[in-house]
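Protein chains: 2
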Amino acid sequence: MNIGEAARASGVSAKMIRYYESIGLIADAARTEAGYRTYDRNDVETLRFIRRARDLGFSVDEMTALLALWRDKDRESAEVKRIALDHVADIERRIRELQGMARTLAHLAGHCHGDHRPDCPILEDLAEGGPEDAVAEAATAQRTGFRRR
Amino acid sequence: MNIGEAARASGVSAKMIRYYESIGLIADAARTEAGYRTYDRNDVETLRFIRRARDLGFSVDEMTALLALWRDKDRESAEVKRIALDHVADIERRIRELQGMARTLAHLAGHCHGDHRPDCPILEDLAEGGPEDAVAEAATAQRTGFRRR
DNA sequence: TCTTGACCTTCCCATGATGGGAAGCTCTAT
DNA sequence: ATAGAGCTTCCCATCATGGGAAGGTCAAGA
Numbered sequence: 034m035n036i037g038e039a040a041r042a043s044g045v046s047a048k049m050i051r052y053y054e055s056i057g058l059i060a061d062a063a064r065t066e067a068g069y070r071t072y073d074r075n076d077v078e079t080l081r082f083i084r085r086a087r088d089l090g091f092s093v094d095e096m097t098a099l100l101a102l103w104r105d106k107d108r109e110s111a112e113v114k115r116i117a118l119d120h121v122a123d124i125e126r127r128i129r130e131l132q133g134m135a136r137t138l139a140h141l142a143g144h145c146h147g148d149h150r151p152d153c154p155i156l157e158d159l160a161e162g163g164p165e166d167a168v169a170e171a172a173t174a175q176r177t178g179f180r181r182r
Numbered sequence: 034m035n036i037g038e039a040a041r042a043s044g045v046s047a048k049m050i051r052y053y054e055s056i057g058l059i060a061d062a063a064r065t066e067a068g069y070r071t072y073d074r075n076d077v078e079t080l081r082f083i084r085r086a087r088d089l090g091f092s093v094d095e096m097t098a099l100l101a102l103w104r105d106k107d108r109e110s111a112e113v114k115r116i117a118l119d120h121v122a123d124i125e126r127r128i129r130e131l132q133g134m135a136r137t138l139a140h141l142a143g144h145c146h147g148d149h150r151p152d153c154p155i156l157e158d159l160a161e162g163g164p165e166d167a168v169a170e171a172a173t174a175q176r177t178g179f180r181r182r
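Those protein sequences? They're chains A and W, same order as listed.
Residue numbers for the first sequence, in this note's numbering: 34 to 182.
Residue numbers for the second sequence, in this note's numbering: 34 to 182.
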């Protein structure tokens, strides 16, 4: 099948299939004489694997590792589990960062009248900086930390 | 003061100060004869405002709006509150997405022996796709949704 | 006064995962 | 034969941020 059908069957866009090929996450696809990429059921299975891993927030690097383990019939499940749990820890860290922001903002908004008057504790806090530490800590982590997925 | 000192005083890197100027978030800085940017206490206050807003996850667009409101002494606090609460809603949506991923992964990892044997429910799930819907929904939201900050 | 080193300038490139779109070739159904 | 859908490669944009090169400026010390 061509790339469009593989995309539909796997849930990975044609654009991304080409991208994954270009960065070496998947092997170069076979080509027809005219240069069209062709995929078989096996390739689609791999793409589905990738899509599910991506949907769980794994990065391309993590997916590379998971794919290798998936193919390695002698793998140790401990390694898969380690990757998964590391990823969970990362996700939970991001959740804590976001919760810190939401908590601060919700608190500030709760003290803002939200009417036609200009007085606003939200702006006051941004200007003068309230309890700087909690926020600053999360912010530093966010700035230096990993990106989404 | 020069850009380096302003950066130290505000917590915004010199690189980012130039970037914020280039995109119009802040006004063009005054220059010395030699072309060096100069900043006064007022500019540093603005930069601090920006840093705190950024640390709370506001995007550049949101910061533009907040800065304008901060300067507008006739603002209505309702508008500030709206921006803040919209942002909180976005953050909470991201938190829910991440929680969905963490939940699924923690569940799978909980069923993985994590030893020398190759059997691994995590890989099995990625290969065959377990309860597809919950994850797929969050994933679609994530793919189509806004980025961090 | 000259040198050194810290600081500044602009410009270009990279990130990660993804989409948009143009120019041009191929295939299939009418 | 022609239309239209689908494929190819290539370039660009996102968002906020950092890295680094090439070169100009400034202040302190010899």
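Ideal Cβ placement from N, Cα and C applies to all residues, glycine included.
Asked                                                                                                                                                                                         : Found
Against chain A, which members of the segment 36-63 of chain W pass a CB distance test of less than 9 Å?                                                                                      : 44
Got a sec: is the Cβ-Cβ distance from residue 100 of chain W to anything in chain A below 7 Å?                                                                                                : no
Apply the 10 Å Cβ neighbour rule to residue 69 of chain A and answer buried if 16 or more other Cβ atoms are within range, or exposed otherwise.                                              : exposed
Residue 134 of chain A CB to nearest chain W CB: under 7 Å?                                                                                                                                   : yes
For a cutoff of 7 Å on Cβ pairs, would you count residue 144 of chain A as touching chain W?                                                                                                  : no
By Cβ distance below 7 Å, which residues in the same chain neighbour residue 50 of chain W in space, the five residues on each side in sequence not counted?                                  : 36, 39, 40 and 80
Any beta carbon of chain A sitting closer than 7 Å to that of residue 86 of chain W?                                                                                                          : yes
Among residues of its own chain, excluding the 5 on either side of residue 96 of chain A, which ones have a beta-carbon nearer than 8 Å to its beta-carbon?                                   : 58, 83, 86 and 87
Can you look up residue 187 of chain W in the DSSP assignment and give me helix, strand or coil?                                                                                              : As shown, chain W starts at 34 and ends at 182. That puts residue 187 of chain W outside it, with no answer to give.
Counting only the same chain and skipping the five closest in sequence on each side, list residues whose C-beta sits under 7 Å from that of residue 145 of chain A.                           : 153, 154 and 155
So is residue 90 of chain A buried or exposed if we call it buried at 16+ other beta carbons inside 10 Å?                                                                                     : buried
Whose CA, out of W:44, W:61, W:46 and W:158, lies closest to the CA of residue 103 of chain A?                                                                                                : W:158
Cβ of residue 148 of chain W less than 7 Å from any chain A Cβ?                                                                                                                               : yes
What separation, rounded to the nearest whole angstrom, lies between the Cα atoms of residue 76 of chain A and residue 111 of chain W?                                                        : 54 Å
So which residues of chain A does residue 110 of chain W contact, with C-beta pairs closer than 9 Å?                                                                                          : 145, 146, 147, 148, 149, 150, 151, 152, 153, 154, 155 and 156
Count the other C-beta atoms from every protein chain shown that fall within 10 angstroms of the C-beta of residue 56 of chain W, then say buried if there are 16 or more, exposed otherwise. : exposed
Kindly list, in the order they appear in chain A, the residues whose Cβ is closer than 8 Å to that of residue 120 of chain W.                                                                 : 138
Note down the Cα distance separating residue 129 of chain A from residue 78 of chain W, rounded to an integer number of angstroms.                                                            : 28 Å
Using the Cα positions of residue 160 of chain W and residue 122 of chain A, report the straight-line distance between them to the nearest angstrom.                                          : 23 Å
Grab me the residues of residue 54 of chain A's own chain with a C-beta within less than 7 Å of its C-beta, minus the 5 sequence neighbours each way, in chain order.                         : 61 and 62
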